[in-house]
Each structure stands twice: as structure tokens, then as C-alpha cells.
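*Asks:*
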DNA sequence: CACCAGGCAAGTA
DNA sequence: TACTTGCATGGT
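Numbering (this note's numbering), first residue to last: 77 to 291.
#1: With respect to the alpha helix (DSSP H) encompassing residue 130, which residues constitute its N-terminal and C-terminal limits?
#2: Go ahead and label residue 145 buried or exposed: buried means 16 or more other beta carbons lie within 10 angstroms of its beta carbon, across all protein chains shown.
#3: Assuming residue 162 is part of the alpha helix (DSSP H), what are its boundary residues?
#4: Please return the same chain residues whose Cβ sits closer than 6 angstroms to the Cβ of residue 141, not counting the five positions on each side in sequence.
#5: Do residue 188 and residue 196 have their C-beta atoms within less than 9 angstroms of each other?
#6: At 4 residues or longer, and completely inside the region 219 to 255: list those alpha helix (DSSP H) runs for me, N to C.
#7: Would the region 235 to 244 and the region 123 to 133 be scored as touching if the rule is three or more Cβ pairs under 8 angstroms?
#8: Could you check whether the region 132 to 139 touches the region 114 to 121, counting it as contact only if at least three pairs of C-beta atoms, one from each stretch, sit closer than 8 angstroms?
Below, the structure is given as C-alpha cells:
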């Protein structure tokens, strides 16, 4: 499929022309970005933003700060994001991972390569492929493509990928046809979400969708 | 009221 | 391997 690369670049250009730069990911520090990636699993970002703001108010947006909280106290603070017991445990697992391997420092973590870090992150219980790639791409600036529910939907509806397509297959579709360019991967994924939020819901309202007749 | 949101793990067949 | 289910709040 040598045409796929051209289609993806055309899709990117069209999204860029329509929506402009998205400036993702929201978050002031690499750790805040990683935290958001875990909390936003199957969850509206607005709920996540509220929890992060609340943690920030108490100066708890660091591994050191969160390490001091017992898991039940952590869960109480995570309540608005939903799945708070599950997510408190997952966050605890990530904090433990960061402490044991990288001195609780995202900067230390960033010194390792993408190839080394991805399997390590995936071995943490609670960090699946999308969360791992989000942390790698947006917190650590490693060129890995993030695939989310919108990406699946958009590519399937425009027949760029089969309906039944694994996460890894879709990730490879992008990475094999685009150069390993971190800003490009960041913008592309952000633009796909931007499109998806408005025009590619499960029950689509495709009137006025900018990709109405694409390709 | 129903449906959705920037998933994942664990259990089952 | 490929399904199914639990997890849970807040917005539309």
C-alpha cells in the first residue's frame, strides 16, 4: 500500500488547514502530563482537569508529593475522574515504577530510549498501549504514535483501516508511513481528537464534517 | 431518562 | 486468540 503514506499526509494537511495547531498536551510539567494520561483513561478531560487543579492547589503535582499520600487518600482526591479506586492503584503503580527505576524523575526517565521505555511502561499494571504512548510522546517527547478511540473510528469510517484493527496495527500504519517526528505525531494525534470530538462520535453527526467527502 | 468520555485488566471459552 | 465484564463520575 504505497498510497497510504500520501493519504495520511493529505489527511494531516486537511486537518491542519481546518483546525490549525492544537498545542497538545495540556500540562505544565512532564509529570503532570503523565498523570493526566493515567487519569483520562475512558474519561472526559474536564473531570481530569478538575482533579489536577485540586492537586495543584495543594502543591501535590510531583511524584514526591503524591508518594506521601496513602492510596485511600489518593482515591478520595481522584473521585471526580471516576474509577477512582482503580486509578489510585494504577497511579500508585506508576509512582512505584518511577521511584524504583528513575529516582522519581521524569527527566531521568527521558534519558532512556523509546525502544527501552515502551516495554517497561507496558509492564506496569494499569498502563496500556495508549497511556504508554501518550506518556512517551507528550511527556517525554519520544516519537511514538498515540492511537485512541477517535483514531480507530476516523480511520475505519474513511476506510483507511479495517474495522477490526488492533492497536498495534493502527500504530504501525502511522509509523511506517510517516517519519519519526515528535512534533508531527503530537499534532496529528491532537488533530484527530479535535476532529473526533465534534464530528466522529459513536453516533455520528456528520453534517458539516470537514472530511465529509474525503478521500 | 439514555448515552458518552483522549482504557485497562482479569476472567472466560 | 478473541470476546466479556467491572470499574464510576460528570456533562449533554
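The beta carbon of each residue, even a glycine, is placed where N, CA and C say it ideally should be. Predicted model, so just to flag it, every value in this text is computed and none were measured.
*Replies:* The relevant details are as follows:
#1: 121 to 133
#2: buried
#3: 160 to 178
#4: none
#5: yes
#6: 225 to 233 and 243 to 253
#7: no
#8: no
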